[in-house]
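K.L.:
Before we start, here is the structure in question, set down as structure tokens.
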Amino acid sequence: MSFKRFIPSYHGASTLTRSLSIRSSHPPRLPFRSFANDASSQPSPPADPNYTSGERDVHLLLAAHQPLQPISKLVVSDTSGGCGSMYAIEIASGAFNGLGLLKQHRLVTDALQETMKAQGWHGVTVKTQKA
């Protein structure tokens, strides 16, 4: 089964843009596109001040992991009820561009592997986005 059937075609995007801009004075906004001048010069997002100590540690570990740079979004949640044995991670990075989902997840879990073993995590949920 090919994913091409499920991904919308953008071949007619310029025609769509022209027809929409004729109707309104502003061009349409495309929320799925990000136009950054130099993403590598942007620092990783700061840790949420409401994080638990475990969430903050995971956030800082991922933010410092060079293969994941540049990170544009990073959210860490302790889903274990506060004991720090299971986390949900949402991350958007330019490093994911051109990589499949498995390789994206592997980049994240490779950064966490030692911590997961040392702290005896039960699991981690990873949600990635290309930046």
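Note that the sequence shown ends on residue 131 in the UniProt record's numbering; no numbers are left out. Each residue gets a CB set at the ideal place from its N, CA and C atoms; glycine is no exception. No experiment lies behind these values; they were computed from the predicted model shown.
1. In the DSSP output, which residue or residues are listed as bridge partners for Y87?
2. Look at the Cβ atom of A131, then the Cβ atom of G98, and state whether they are nearer than 9 angstroms.
3. Who are the Cβ neighbours of L68 in its own chain at under 8 angstroms, not counting the five residues just before and after it?
4. Helix, strand or coil: which one does DSSP assign to A131?
5. Cα-Cα, which of G120, K127, T128 is closest to S80?
6. Counting C-beta neighbours from all protein chains within 10 Å, is the total for L102 16 or more, i.e. buried, or is it exposed?
7. Kindly indicate which three-state DSSP category S93 falls into: helix, strand or coil?
8. Determine whether the beta carbon atoms of Q54 and G84 lie at a separation below 9 angstroms.
9. Can you tell me which of the three DSSP states S72 falls into?
P.N.:
Taking the structure as given:
1. Here the question's residue 87 lines up with position 87 in the sequence shown. According to DSSP, Y87 shares a beta bridge with D78, V124.
2. For the purposes of this step, residue 131 is taken as the residue at position 131 of the sequence shown. For the purposes of this step, residue 98 is taken as the residue at position 98 of the sequence shown. Not a contact, by the Cβ cut-off of 9 angstroms.
3. Mapped onto the sequence shown, residue 68 falls at position 68. Within the same chain, L68 has close Cβ partners L62, I91, S93, A95, L107, V108, A111.
4. Looking up residue 131 in the sequence shown gives position 131. In the three-state reduction of the DSSP assignment, A131 falls in the coil class.
5. Here residue 80 is taken as the residue at index 80 of the sequence shown, counted from 1. Of the candidates G120, K127, T128, the one whose C-alpha sits nearest the C-alpha of S80 is G120.
6. Within the sequence shown, residue 102 is the residue found at index 102, counting from 1. Here L102 is exposed: its Cβ has fewer than 16 other Cβ atoms, across all protein chains shown, within 10 Å.
7. Here the question's residue 93 lines up with position 93 in the sequence shown. For S93, the secondary structure class from DSSP, reduced to helix, strand or coil, is strand.
8. As a working note, residue 54 is residue 54 in the sequence shown. As a working note, residue 84 is residue 84 in the sequence shown. Per the sequence shown, the amino acid found at residue 54 is Gly instead of Gln. The answer is yes: Cβ separation under 9 angstroms.
9. Sequence index remark: in the sequence shown, residue 72 carries index 72 (1-based). Strand.
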